[in-house]
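Single-structure report; data block below.
The structure is reproduced here in structure tokens:
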């Protein structure tokens with residue numbers, strides 16, 4: 030369960046970074062990036078600079094991130110090249126709200142609503158209505174992350190999931206990850222630089 034949740038979180042971060050890189054590749058200057066990406070790059074780069082060890086950096090790498098941000102903002106005459114890994118930083122497990130916030134960062138503002146519209150999500154959740162499918166998917170993701178935390182920090186009352194439950198969780202995470210990637214592809218196919 031720990032491995033499944035970890036791989037899912039990694040995959041979602043990769044999707045966020047890929048979307049951000051694609052958008053940056055279509056953009057000539059920092060100021061033309063979507064406002065949410067600009068804001069998140071500034072905010073999260075500063076968070077890393079203030080507490081580099083928390084985010085797996087040291088003083089030199091955090092300073093390099095700051096320098097890259099300043100060069101991008103000033104438009105140092107080079108191609109725009111953002112540090113998209115900064116955008117995928119989270120302080121918590123990939124619960125529904127965290128996933129929604131990450132997707133919103135790169136422009137997918139109605140993520141769960143769009144997830145609920147997908148046939149594969151409706152099938153795995155056993156729901157035909159968009160809102161019900163989205164709500165059920167969020168509940169399922171929350172349950173998986175809760176189980177992940179219980180296993181990571183066991184107590185005397187921790188119950189470990191059986192093989193069937195783990196396989197069902199894996200199936201759901203696989204479908205949700207694929208759906209997220211597809212929604213990202215649709216977003217990028219229709220993205221227009223402002």
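Numbering (my numbering), first residue to last: 30 to 223. Glycine included, each C-beta is placed from N, C-alpha and C at the ideal position.
The alpha-carbon of residue 68 is positioned some 27 Å away from that of residue 35. Contact between the region 52-59 and the region 98-116 is present: 3 or more CB-CB pairs across the two stretches fall below 8 Å. Following the DSSP letters along the chain, one finds residue 198 inside the alpha helix (DSSP H) bounded by residues 192-219.
Using a Cβ distance threshold of 8 Å, residue 145 and residue 126 do not count as a contacting pair. The continuous stretches of alpha helix (DSSP H) do not include residue 63, and DSSP gives it neither H nor E.
Collapsing the DSSP output to three states places residue 111 in coil. Excluding residues up to 5 positions away in sequence, 81 lie with their Cβ nearer than 7 Å to the Cβ of residue 88 in the same chain. Annotation for residue 153: the continuous alpha helix (DSSP H) segment containing it runs 148-154. Under the 10 Å beta carbon count, residue 91 is surrounded by 16 or more other beta carbons and is classified as buried. A Cβ-Cβ separation of about 15 Å leaves residue 128 out of contact with residue 216 under the 8 Å criterion. Using a Cβ distance threshold of 8 Å, residue 150 and residue 204 count as a contacting pair.
In the three-state reduction of the DSSP assignment, residue 178 falls in the helix class, which pools H, G and I.
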